[in-house]
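Take a look at the structure set out below.
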(Lines of atoms letter the chains of each structure in order from A; the text may use other names.)
(Lines give C-alpha, C1' and ligand atoms only; values in the text may rest on other atoms or scores of the structure.)
Protein backbone atom coordinates (compact mmCIF):
# COMPACT_ATOMS: atom_id res chain seq x y z
CA UNK A 24 0.00 0.00 0.00
CA UNK A 25 1.06 3.58 -0.56
CA UNK A 26 1.46 6.07 2.30
CA UNK A 27 -1.98 7.62 1.82
CA UNK A 28 -3.59 4.17 1.69
CA UNK A 29 -1.69 3.09 4.82
CA UNK A 30 -2.95 6.15 6.67
CA UNK A 31 -6.52 5.55 5.53
CA UNK A 32 -6.33 1.86 6.49
CA UNK A 33 -4.91 2.75 9.91
CA UNK A 34 -7.62 5.29 10.62
CA UNK A 35 -10.26 2.74 9.67
CA UNK A 36 -8.68 0.10 11.93
CA UNK A 37 -8.68 2.54 14.85
CA UNK A 38 -12.29 3.54 14.17
CA UNK A 39 -13.45 -0.10 14.08
CA UNK A 40 -11.42 -1.02 17.17
CA UNK A 41 -12.69 1.93 19.21
CA UNK A 42 -16.28 1.31 18.06
CA UNK A 43 -15.99 -2.08 19.75
CA UNK A 44 -14.34 -0.58 22.86
CA UNK A 45 -11.21 -2.72 22.39
CA UNK A 46 -7.83 -1.34 23.43
CA UNK A 47 -4.68 -1.88 21.39
CA UNK A 48 -3.47 -4.15 24.18
CA UNK A 49 -6.62 -6.26 24.05
CA UNK A 50 -6.41 -6.47 20.26
CA UNK A 51 -2.79 -7.52 20.61
CA UNK A 52 -3.74 -10.40 22.90
CA UNK A 53 -6.55 -11.54 20.60
CA UNK A 54 -4.49 -11.43 17.39
CA UNK A 55 -1.05 -12.34 18.69
CA UNK A 56 0.31 -9.17 17.07
CA UNK A 57 2.51 -6.86 19.14
CA UNK A 58 0.78 -3.74 20.47
CA UNK A 59 3.42 -1.46 18.93
CA UNK A 60 2.84 -3.12 15.54
CA UNK A 61 -0.89 -2.39 15.83
CA UNK A 62 -0.08 1.18 16.85
CA UNK A 63 2.18 1.54 13.80
CA UNK A 64 -0.59 0.31 11.52
CA UNK A 65 -3.06 2.78 13.04
CA UNK A 66 -0.57 5.63 12.56
CA UNK A 67 -0.03 4.66 8.92
CA UNK A 68 3.66 3.79 9.29
CA UNK A 69 3.40 -0.02 9.11
CA UNK A 70 2.26 -1.95 6.07
CA UNK A 71 0.32 -4.97 7.35
CA UNK A 72 0.65 -8.31 5.59
CA UNK A 73 -2.52 -9.94 4.29
CA UNK A 74 -2.38 -12.61 7.01
CA UNK A 75 -2.30 -9.84 9.64
CA UNK A 76 -5.23 -8.04 8.03
CA UNK A 77 -7.12 -11.32 8.29
CA UNK A 78 -6.18 -11.67 11.97
CA UNK A 79 -7.34 -8.13 12.69
CA UNK A 80 -10.62 -8.65 10.82
CA UNK A 81 -11.28 -11.92 12.65
CA UNK A 82 -10.60 -10.27 16.02
CA UNK A 83 -12.98 -7.41 15.19
CA UNK A 84 -15.56 -9.86 13.80
CA UNK A 85 -15.67 -8.20 10.39
CA UNK A 86 -14.83 -9.06 6.80
CA UNK A 87 -11.39 -7.80 5.71
CA UNK A 88 -13.10 -5.74 2.99
CA UNK A 89 -14.61 -3.52 5.70
CA UNK A 90 -11.16 -2.00 6.24
CA UNK A 91 -11.23 -0.71 2.67
CA UNK A 92 -14.81 0.35 2.00
CA UNK A 93 -15.38 2.46 5.13
CA UNK A 94 -18.61 0.61 5.83
CA UNK A 95 -20.01 1.11 2.32
CA UNK A 96 -21.37 -1.86 0.36
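Numbering (this note's numbering), first residue to last: 24 to 96.
Every residue gets a Cβ at the ideal spot worked out from N, C-alpha and C, and that includes glycine.
Only a predicted model underlies this, so the values are computations on that prediction, with no experimental measurement involved.
DSSP places residue 53 in the helix class (H, G or I) of the three-state scheme.
The beta carbons of residue 82 and residue 36 sit no closer together than 8 Å.
DSSP places residue 76 within a helical segment (H, G or I) once states are collapsed to three. A distance below 8 Å between beta-carbons, with the five flanking residues on each side excluded, links residue 24 to the following residues of its chain, in chain order: 32, 70.
Between residue 67 and residue 92, the C-beta gap is not smaller than 8 Å, which leaves the two residues out of contact.
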